[in-house]
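Chains as they are written, first to last, in this note's numbering: chain A, 298 to 671; chain B, 775 to 1151. Glycine included, every Cβ here is placed at the ideal spot set by N, Cα and C. Fair warning: this is a prediction, and the values are worked out from it, not measured in the lab. Contents: one structure, followed by commentary.
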């Protein structure tokens, strides 16, 4: 599955829409999605609009933006704003920007001009400095009230753009950076997408629901993978499984089923194992000990790390919080920690040097503690 | 007899009113001295004294009675210990109790009764005077507070990924200067000072385990705090974040290669800086004259989430094929290639932890990372 078909197709449309003068540039470098919650906080205005006229000349970007919708700020719909930006040197060029539409994060400068705050971190072109937005009809489920929190507005704007195939740039990844987890609005969007007839939208929906800790969708995914193999999942979904953190025992059972159903799907089995490790409650142990025999070394490491995280809970650095159905729960003081369990929690590199030793230890540990677990 | 510093001296009463017979002045100022003192980290000194000052002090006999408890229980049989001294002298109860990590810790309490009794012959008509006093002292082990896990990033911090931390000693009331020592895996961290209250810990190399394998021992006057367990982690690995994807980019193409940065315990890291470095480029096809890319950084604070992407793109190019204009397969003509290396934990080119090298290869219609070698630090 291609992550970014949306943004790349979007960029392609720009090519057709706007002129380009003779430049010759190899550009790029590492980029990452900006934290939209923080970006909105830094912005004096967040608007959806279309460029009436404007140019990029060299690094200087300047355009007149006609505002369609206002998510934040003392700006009116139909107002025209003058927006400026200094593109990175690597993206020096000459472009006509007329017709460019999107969601813009704007900051008022000391001179009163609006400065564009890029939505992509790193050395990025104007095309990635704004979010996609739709000007087409927005379904009622994806509309928001004026008083809604800014994160919810951003999430619904992105969802509308995704649904209208109006530039699905990094959609779910951007949504992940918004503080909307658990809200009715975000659940409604993901459920809507997950029931779509579009394969792409359905993947967004399933991935989003997994991110929200949904148990049913995880169980369904396990059943689908069992029935259809790797084709039932894509990178979007797999990456969300990696971050799954709901420790509800039913969810753990679904993860366990997924880990068992993916013995021939390395990345998905790894992600199921990583989620079990992250959760590391006693319910995860039966699945983790089975994964000690996985054919994939990174899965075996996650199994060792998960068992060790349970046994040494409270005494390991950067231990993830325990979350059950969206609520943080204190981990129970464990009775299994010993000098041996501590010594047998290796780094990946140490594990690779003597894998058999660690696998044997944790198999033995499981055999010894299993009868007393209840 | 106490010859130490009297910390707590209180007159029993104001000067006793003179009721002496003609020719005999028995006036005194009764004095009680008492305290519980942490004289050193390993010693608690308890004392209670009664004596008199003034012209008549030689006619008064002092006495002191002490009941001392530790954590609510009578300490070493000190239940109403009565001590007296000769007229004009000082009656003293005093004890020194050893403090170790196993004993002598807790709440000390004394109840004292101080009496002065006049010589009935020399001071007829004078009455015995009595008063009470009490003291409390809490004695605890020294303790250490502060961050117990930091990062090794090649010598510098990166945003919230700190390579140093300042620890703090609480001496528990002991008067000595805390002393710090690394007693396990001392090669992994350094301390800015040994005899101090707030040492700066700096990472030198990462831990070998995903638990606290470094032990810092702080002591005060020979009394040990609980060992302070410590860990140094390190960004370690670039995991593929999924398949690369290519699309049109004006008249050229743009490929994104997703990555997730993982630490030595294979947890994903977010908000960590990335830098790249290019070696010399070689042409696969001399007909192409594409510009060589420039190394760029990605500051950790600027992006969210675990996934970041290497953006490879070319436009205004001779002989390139935008994907929308390609057949299938297409865009497969090799153009050029160069070695690309990745550092994590710094925006400085070749700074931070060197985690991967790969061939940065460009084709007529897309880019690829080939020959990926993960650096095992």
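Check residue i in the structure and name its three-state DSSP category.
i, result
"residue 924 (chain B)", "strand"
"residue 334 (chain A)", "helix"
"residue 986 (chain B)", "coil"
"residue 286 (chain A)", "In the structure as shown, chain A begins at 298 and stops at 671. Residue 286 (chain A) is therefore absent and cannot be evaluated."
"residue 1095 (chain B)", "coil"
"residue 998 (chain B)", "strand"
"residue 1024 (chain B)", "coil"
"residue 944 (chain B)", "strand"
"residue 1148 (chain B)", "strand"
"residue 536 (chain A)", "helix"
"residue 639 (chain A)", "helix"
"residue 523 (chain A)", "helix"
"residue 567 (chain A)", "helix"
"residue 397 (chain A)", "coil"
"residue 378 (chain A)", "strand"
"residue 1105 (chain B)", "coil"
"residue 586 (chain A)", "helix"
"residue 825 (chain B)", "strand"
What number of angstroms, rounded off, separates the C-alpha of residue i from the C-alpha of residue j?
i, j, result
"residue 598 (chain A)", "residue 648 (chain A)", "7 angstroms"
"residue 1143 (chain B)", "residue 1133 (chain B)", "6 angstroms"
"residue 820 (chain B)", "residue 972 (chain B)", "31 angstroms"
"residue 348 (chain A)", "residue 401 (chain A)", "11 angstroms"
"residue 827 (chain B)", "residue 888 (chain B)", "14 angstroms"
"residue 1045 (chain B)", "residue 615 (chain A)", "15 angstroms"
"residue 633 (chain A)", "residue 591 (chain A)", "24 angstroms"
"residue 594 (chain A)", "residue 1117 (chain B)", "25 angstroms"
"residue 552 (chain A)", "residue 444 (chain A)", "38 angstroms"
"residue 1091 (chain B)", "residue 609 (chain A)", "56 angstroms"
"residue 516 (chain A)", "residue 1062 (chain B)", "52 angstroms"
"residue 326 (chain A)", "residue 1067 (chain B)", "8 angstroms"
"residue 829 (chain B)", "residue 910 (chain B)", "33 angstroms"
"residue 336 (chain A)", "residue 930 (chain B)", "27 angstroms"
In terms of residues, what are the limits of the alpha helix (DSSP H) holding residue i?
i, result
"residue 454 (chain A)", "447 to 460"
"residue 502 (chain A)", "496 to 508"
"residue 553 (chain A)", "546 to 558"
"residue 656 (chain A)", "652 to 666"
"residue 491 (chain A)", "481 to 491"
"residue 425 (chain A)", "423 to 426"
"residue 341 (chain A)", "Residue 341 (chain A) -> no alpha helix (DSSP H), and no H or E assigned at all."
Residues in its own chain within less than 7 angstroms of residue i by CB, not counting five upstream and five downstream?
i, result
"residue 1085 (chain B)", "1028 and 1030"
"residue 920 (chain B)", "939, 940, 941 and 942"
"residue 329 (chain A)", "418 and 419"
Residue range of the beta strand (DSSP E) that residue i falls in?
i, result
"residue 245 (chain A)", "Residue coverage of chain A in this structure runs from 298 to 671, which leaves residue 245 (chain A) outside it and unanswerable."
"residue 918 (chain B)", "917 to 919"
"residue 809 (chain B)", "803 to 814"
"residue 1048 (chain B)", "1048 to 1057"
"residue 282 (chain A)", "This structure does not reach residue 282 (chain A), given that chain A is present from 298 up to 671, and the question cannot be answered."
"residue 903 (chain B)", "903 to 913"
"residue 972 (chain B)", "That residue, residue 972 (chain B), is in no beta strand (DSSP E); it is neither H nor E in DSSP."
"residue 369 (chain A)", "357 to 369"
"residue 1086 (chain B)", "1081 to 1089"
"residue 619 (chain A)", "619 to 621"
"residue 889 (chain B)", "880 to 892"
Closer than 6 angstroms to a non-hydrogen atom of the ligand NAP - does that hold for the CB of residue i?
i, result
"residue 903 (chain B)", "Inclusion of the ligand NAP in the displayed structure is not the case, the ligand content being empty and no account of it being possible."
Using C-beta distances below 6 angstroms, list every residue in its chain close to residue i, excluding the 5 sequence neighbours before and after it, in chain order.
i, result
"residue 957 (chain B)", "989 and 991"
"residue 350 (chain A)", "361 and 395"
"residue 389 (chain A)", "355 and 356"
"residue 1128 (chain B)", "1117 and 1149"
Counting only the same chain and skipping the five closest in sequence on each side, list residues whose C-beta sits under 8 angstroms from that of residue i.
i, result
"residue 986 (chain B)", "922, 923, 1003, 1004 and 1005"
"residue 915 (chain B)", "875, 879, 946, 997, 998, 999 and 1000"
Kindly list, in the order they appear in chain C, the residues whose Cβ is closer than 8 angstroms to that of residue i.
i, result
"residue 326 (chain A)", "This model lacks chain C altogether; the protein chains it does include are A and B."
Any residues in the segment 1065 to 1084 of chain B with a beta carbon nearer than 9 angstroms to a beta carbon of chain A? Which ones, in chain order? 1065, 1066, 1067, 1068, 1069, 1070, 1071, 1072, 1073, 1074, 1075, 1076, 1077, 1078, 1079, 1080, 1081, 1082, 1083 and 1084
Chain A contacts made by the segment 1118 to 1135 of chain B, where a contact means CB separation under 7 angstroms: none
Proximal residues, the segment 607 to 629 of chain A versus chain B, C-beta separation under 7 angstroms: 609, 612, 613, 614 and 615
Could you name the residues of the segment 913 to 943 of chain B whose beta carbon sits closer than 9 angstroms to any beta carbon of chain A, in the order they occur along the chain? 922 and 923
To be precise: take each residue of the segment 1025 to 1056 of chain B, compare its Cβ to all Cβ atoms of chain A, and keep it if any distance is under 7 angstroms. Which residues remain? Correct list: 1025, 1028, 1030, 1032, 1038, 1039, 1040, 1041, 1048 and 1050.
Compile a chain-ordered list of the residues in the segment 996 to 1022 of chain B whose CB is closer than 8 angstroms to at least one CB of chain A. 1003, 1005, 1007, 1010, 1011, 1015, 1016, 1017, 1019, 1020, 1021 and 1022
Near-chain B residues of the segment 493 to 508 of chain A (beta-carbon distance less than 7 angstroms), N- to C-terminal order: none
Interfacial residues, the segment 981 to 997 of chain B to chain A, with Cβ spacing under 9 angstroms: Here the close residues are 981, 982, 983, 984, 985, 986 and 987.
For the segment 957 to 975 of chain B, which residues have a CB atom closer than 9 angstroms to at least one CB atom of chain A, in sequence order? none
Going along the segment 411 to 431 of chain A in order, which residues come within less than 7 angstroms of chain B, judged by CB to CB distance? 418, 419 and 420
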